[in-house]
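This report refers to the structure that appears directly beneath it.
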Amino acid sequence: MSELKVYSLHMGKAKCAVDLGDGSERGEYVNQDYILHTLGRPHRSISLMYCYYPLDEGWPGRASEVHASPDVSFAWDFPYDDYFTYKGGPNGSTEGEPFNYMRDIRRHGQDVTLTLTIDPHVTDDHLIAIAKDLRPFGRMMLRINHECTGNWFNFTKRSTYKEIAEFYSHFCKILKEHAPNVQTILCTGGVDEGKTEIEMEEYFAQPVRDTDMWSIDKYFALHWGWPYDVAERGGTSHSRGNIRETFEYTKRTYDRFRELCGGEAKPMMMSELNADGDVTGPYEQADMVKEFCDILKEENATWFTSFSMYQFRDRGRLGLEIEDPNNAEVGIPQPLLATYKEIIHDDYFSPAMTQGEEVSLPVKLRWGGAEDAEGLAIALHFDSNPHFCEVVFEDDSNLMLELNGKWFYKSPQAKTIDLMSAFYEKPLTGACDLTLKLFAPPASGENDLSAEDGLLNSYTTIHTLPEVRIRFEPVELGK
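Numbering (the working numbering), first residue to last: 333 to 811.
This is the structure:
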């Protein structure tokens, strides 16, 4: 192959970014290699759900394990929330959860969204320690005490709504001082039809101003009685809504958030989105998600900056996969998975790519995050659909690669990456030119805080290009 031409490349924001929930009270964490192979592209962010109640008896054991009881009849009836437990904080460790998963997420070219329910009575030394825990993880997002106008999480049972709001604003200030790389997400109830204010606005107007991002959680259908009862027609533990009404509800809420901030716009997202297959069945579940995403595109609703699909694998029917009851490491794909995969490969939900001038190596690449990264574009020519297409590396770089719409991960240990699966679903029909895109997220999953701008950026120098092997027929032809 002739000498390759290489160009600078910038990855920026999508019109609407897509995030993905990975693990919760309803399912276990699934590694990012499996998710990437299944869906064919990384997400803007992966959402993890944890809780922090360090003053409680039984901590840091998971609530459903240390407080197991036959009297429990609702998912949130335990003494503290039944999420995975955050193992950091004062005298804690950043070697286990959630930090091992955060590293996995970031080395695969994605940002982290950490949902954390916290006892509002913890003292500042706990909040400062959490902030310091999060400093190495770049431009991450922290969703503190979400769905804060509800009454199901334990923090709402041990504090007033006024105290919860004041705690939120106070934690925001601590993060700004000790971890300015972390952006906060406020998740409240919205503006119902016929109303002009968000839920409990008298308490949460100030957090709306203090937060970096706004959010609501909205399920088009939900069986909140899971797993303690079965949703059947006439039951009282489930509901189903209307997609257009959900869109209008979200827009009313965004408009009110802006009014509370004097017209200032902040990123608006839906941090949990799905339709519950317990209510809709598997086919209409997929239809409802697609209908909402179609409305976002038709309305060109760029005020709506992102949504997070809840979730990848679920023990109930709120996942792209259902967890195999015989083996938690096996997922059963639902019709929603194929629909969702089609959605996230649409240009509207894909990161913007801007190619620049031709460059020569060595090149220092910057990884700011999934919405701000500098990479390389390598021009490749294909005579026809290939029979072999692979890249061979001599170094121990940590890279994300994209070709023909499909993304690949190269770990520091990997040397050869087979790119042929980029052509299985999208075979070439003739000669064409394609671009191999290359980005370098941090190999350790953490930023180097000794660098001048290490809180926000990570750097990798690319000294050599991989050897590209493309062949357009089998090694030996049949007779």
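C-beta: ideal position from N, C-alpha, C; glycine also.
To the nearest whole angstrom, what separates the beta carbons of residue i and residue j, a pair I think is in contact under 8 Å?
{"i": "Gln442", "j": "Arg376", "result": "7 Å"}
{"i": "Phe485", "j": "Trp408", "result": "6 Å"}
{"i": "His719", "j": "Pro798", "result": "Going by Cβ atoms, the distance from His719 to Pro798 rounds to 19 Å, so no, they are not a contact pair."}
{"i": "Asp451", "j": "Leu380", "result": "Not quite, the Cβ-Cβ distance comes to about 19 Å (not below 8 Å), so this is no contact."}
{"i": "Thr582", "j": "Met602", "result": "7 Å"}
{"i": "Ala684", "j": "Lys769", "result": "With a Cβ gap of about 12 Å, Ala684 and Lys769 do not count as contacting."}
{"i": "Ile460", "j": "His399", "result": "With 8 Å as the limit, Ile460 and His399 do not qualify as a contact, their Cβ atoms being about 28 Å apart."}
{"i": "Ile627", "j": "Phe579", "result": "5 Å"}
For residue i and residue j, I'd like the C-alpha separation in whole angstroms.
{"i": "Lys337", "j": "Asp715", "result": "17 Å"}
{"i": "Asp610", "j": "Gly421", "result": "37 Å"}
{"i": "His440", "j": "Asn730", "result": "9 Å"}
{"i": "Asn659", "j": "Gly613", "result": "23 Å"}
{"i": "Ala702", "j": "Asp351", "result": "11 Å"}
{"i": "Glu661", "j": "Trp635", "result": "38 Å"}
{"i": "Leu693", "j": "Glu722", "result": "21 Å"}
{"i": "Asp704", "j": "Met343", "result": "6 Å"}
{"i": "Gly424", "j": "Thr447", "result": "18 Å"}
{"i": "Asn789", "j": "Asp750", "result": "29 Å"}
{"i": "Ala711", "j": "Asp765", "result": "7 Å"}
{"i": "Cys519", "j": "Phe804", "result": "52 Å"}
{"i": "Lys494", "j": "Arg435", "result": "35 Å"}
{"i": "Lys747", "j": "Tyr741", "result": "11 Å"}
{"i": "Asp728", "j": "Thr792", "result": "11 Å"}
{"i": "Gln538", "j": "Leu650", "result": "33 Å"}
{"i": "Lys419", "j": "Ala395", "result": "14 Å"}
{"i": "Leu368", "j": "Trp739", "result": "7 Å"}
{"i": "Ala783", "j": "Leu697", "result": "14 Å"}
{"i": "Glu389", "j": "Tyr551", "result": "33 Å"}
Please classify residue i: does DSSP put it in a helix, a strand, or coil?
{"i": "Val695", "result": "strand"}
{"i": "Lys337", "result": "coil"}
{"i": "Asn283", "result": "With the chain running from 333 to 811 in the structure shown, residue 283 is simply not present."}
{"i": "Arg645", "result": "strand"}
{"i": "Ala349", "result": "strand"}
{"i": "Ser324", "result": "Residue 324 lies beyond the residue range present for the chain, which begins at 333 and ends at 811; the question has no answer from this structure."}
{"i": "Leu387", "result": "coil"}
{"i": "Arg776", "result": "Note on residue identity: the sequence assigns Ser, not Arg, to residue 776. Three-state DSSP puts Ser776 in coil, outside helix and strand."}
{"i": "Asp656", "result": "strand"}
{"i": "Thr634", "result": "coil"}
{"i": "Arg801", "result": "strand"}
{"i": "Leu760", "result": "coil"}
{"i": "Lys464", "result": "helix"}
{"i": "Gln456", "result": "The residue you asked about is not Gln; residue 456 is Asp in the sequence shown. Looking at Asp456 - three-state DSSP - the assignment turns out to be helix."}
{"i": "Phe499", "result": "helix"}
{"i": "Ser640", "result": "strand"}
{"i": "Tyr791", "result": "strand"}
{"i": "Asp587", "result": "helix"}
{"i": "Thr767", "result": "strand"}
{"i": "Lys489", "result": "helix"}
{"i": "Glu380", "result": "The sequence given here has Leu at residue 380, not Glu. Residue state, collapsed to three classes: strand."}
{"i": "Leu448", "result": "strand"}
{"i": "Val753", "result": "Checking the displayed sequence, the identity of residue 753 turns out to be Ser instead of Val. DSSP places Ser753 in helix when its eight states are reduced to three."}
The ligand FMN and residue i: does the residue's C-beta get closer than 8 Å to at least one heavy atom of that ligand?
{"i": "Leu554", "result": "Ligands in the displayed structure: none, and consequently the ligand FMN is not present."}
>> So, does the stretch 777 to 786 touch the stretch 466 to 478, judging by three or more C-beta pairs under 8 Å?
In response: yes
> Which runs of the alpha helix (DSSP H), 4 residues or longer, sit entirely within the stretch 502 to 585?
Replying inline: 533 to 542
>> Closer than 8 Å is the cut-off here; do at least three beta carbon pairs connect the stretch 672 to 689 with the stretch 610 to 626?
In response: A contact exists between the stretch 672 to 689 and the stretch 610 to 626.
>> Suppose only complete runs of 4+ residues qualify. What are the alpha helix (DSSP H) ranges in the stretch 408 to 446, listed by chain order?
In response: You should have 431 to 439.
> Which full runs of the alpha helix (DSSP H) of 4+ residues lie inside the stretch 663 to 727, going along the chain?
Replying inline: 667 to 676
>> If contact is defined by three or more beta carbon pairs under 8 Å, each pair taking one atom from either stretch, is the stretch 348 to 365 in contact with the stretch 638 to 652?
In response: yes
> Fully enclosed by the stretch 598 to 631, which beta strand (DSSP E) runs are 3 residues long or longer?
Replying inline: 600 to 607
>> Counting beta carbon pairs with one atom in the stretch 499 to 513 and one in the stretch 536 to 545, are three or more of them shorter than 8 Å?
In response: yes
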